[in-house]
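According to my numbering, the sequence shown holds residues 6 to 276 in order.
All residues carry an ideal CB built from backbone N, CA and C; glycine is no exception.
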Amino acid sequence: MLRRRLAGPRVPTSRQQNLRSYRLFGQGDGEALMGLEPEGRWGPGAVLALMAERCGVRPDFSYGQGPDTIDPELTLAALDRLAALLSRTARRRGSVLAGTGHPTRLAGFYGALVGALAAAGCPVRTPGQGARLRIPTPGGDRLCLVDRLGPVLVLRALDAPPRSGRLGSGPARGAGEDLQHTHSALPVRLAVAALAESGHPPPDLVLGDHGWLCGAGRLGLAAGGLADSNDPAPFVGEAQGTVDVVVPVDDGAQPGCYRLLSDYVLQRAHL
Numbered sequence: 006m007l008r009r010r011l012a013g014p015r016v017p018t019s020r021q022q023n024l025r026s027y028r029l030f031g032q033g034d035g036e037a038l039m040g041l042e043p044e045g046r047w048g049p050g051a052v053l054a055l056m057a058e059r060c061g062v063r064p065d066f067s068y069g070q071g072p073d074t075i076d077p078e079l080t081l082a083a084l085d086r087l088a089a090l091l092s093r094t095a096r097r098r099g100s101v102l103a104g105t106g107h108p109t110r111l112a113g114f115y116g117a118l119v120g121a122l123a124a125a126g127c128p129v130r131t132p133g134q135g136a137r138l139r140i141p142t143p144g145g146d147r148l149c150l151v152d153r154l155g156p157v158l159v160l161r162a163l164d165a166p167p168r169s170g171r172l173g174s175g176p177a178r179g180a181g182e183d184l185q186h187t188h189s190a191l192p193v194r195l196a197v198a199a200l201a202e203s204g205h206p207p208p209d210l211v212l213g214d215h216g217w218l219c220g221a222g223r224l225g226l227a228a229g230g231l232a233d234s235n236d237p238a239p240f241v242g243e244a245q246g247t248v249d250v251v252v253p254v255d256d257g258a259q260p261g262c263y264r265l266l267s268d269y270v271l272q273r274a275h276l
């Protein structure tokens, strides 16, 4: 984690990005909320205090720019909790649904976890494939298609990309450039509704990030996944008891960097 800067004293997400996201969350910005409904008031000070506790960022506003921190001990402890969540799901042969707002980065991490659960006898759900929906982004709404990478649901953009916006929510570039990076909770709501329409109960576990994680928690579903230091919504959801497990880790590294994390989780879960 330290070598790849997934955690440690100088993660790639800057202090400026973090503080800006905390302010936007406190202001009720939709991109920052990720489908979460916060309980009570969350001003920037309260968000910063929570992120220092759960993620390990610098705890005072006097530090305003430069690299920020993710405490690797907090990351490891959260990975252990995620492993326990997987282990409980495997023992009961619970159904699992996975989706990511970081398709070019994190689909492999969730895919490895889902594959192990499937091998343990857990039904894997991939509902809503082919459905079209409009996703709000800072640059305007985008028409997207629900697709999957292996067992992990993702969005593909069907229209031209909007102008660059806040919080880095534009599409990925290069290979798979139509894969849409999103904070929206609409995809998980659509997926759960599609399950109901086909006569299936909701999944016993949702794995994901951003709106997949917060949206699943808001629907009352067990949910766990990864979140960066500039994504306060999942951590607030965890503090409120809406989201089960949130692992603090940089979410913008190359996909192969997360292989050891998924291996670690599966070993700890005896999967």
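Below 8 angstroms between beta carbons: does that hold for residue i and residue j?
i      : j      : result
Pro277 : Leu184 : Only positions 6 to 276 of the chain appear in the structure, and residue 277 is not among them; the question remains open.
Gln250 : Trp217 : Checking the displayed sequence, the identity of residue 250 turns out to be Val instead of Gln. It is not a contact, given that the beta carbons lie outside the stated cut-off.
Leu102 : Pro208 : yes
Gly104 : Val157 : yes
His205 : Arg130 : yes
Leu87  : Val270 : yes
Leu11  : Cys262 : yes
Leu226 : Val211 : yes
Ala57  : Val252 : no
Ala196 : Gly155 : no
Val159 : Gly135 : no
Gly106 : His188 : yes
Report the three-state DSSP secondary structure of residue i (helix, strand or coil).
i      : result
Leu231 : strand
Val129 : strand
Arg15  : strand
Pro77  : helix
Val254 : coil
Val211 : strand
Pro206 : coil
Leu276 : coil
Leu218 : helix
Leu184 : strand
Could you give the C-beta distance for residue i and residue j, rounded to a whole number, given that I count them as a contact under 8 angstroms?
i      : j      : result
Gly257 : Pro77  : Contact doesn't hold; Cβ gap of about 17 angstroms is too wide.
Cys127 : Ser100 : 6 angstroms
Ile140 : Asp255 : 24 angstroms between Cβ atoms; not a contact.
Leu138 : Leu55  : Not a contact, Cβ separation roughly 31 angstroms.
Ser267 : Leu163 : Actually they are not in contact, since the Cβ atoms of Ser267 and Leu163 sit about 30 angstroms apart, beyond 8 angstroms.
Glu36  : Gln245 : Actually they do not touch by this definition, with Cβ atoms about 19 angstroms apart.
Pro49  : Arg28  : 5 angstroms
Gly229 : Leu90  : 5 angstroms
Pro260 : Arg110 : 6 angstroms
Arg273 : Asp85  : 6 angstroms
Are the stretch 90 to 98 and the stretch 59 to 74 in contact at 8 angstroms, needing three or more beta carbon pairs? no
Counting only runs that start and end within the stretch 33 to 68, where is the beta strand (DSSP E) found for 3 or more residues in a row? none
My parser needs the alpha helix (DSSP H) runs of 4 or more residues fully inside the stretch 80 to 165; what are they? 108 to 124
Check whether the stretch 189 to 206 and the stretch 52 to 64 touch, using three or more Cβ-Cβ pairs below 8 angstroms as the test. no
Please confirm if the stretch 212 to 227 is in contact with the stretch 33 to 42, defined as three or more CB-CB distances below 8 angstroms between the two stretches. yes
Is the stretch 119 to 126 in contact with the stretch 221 to 240, if contact means three or more CB pairs nearer than 8 angstroms? no
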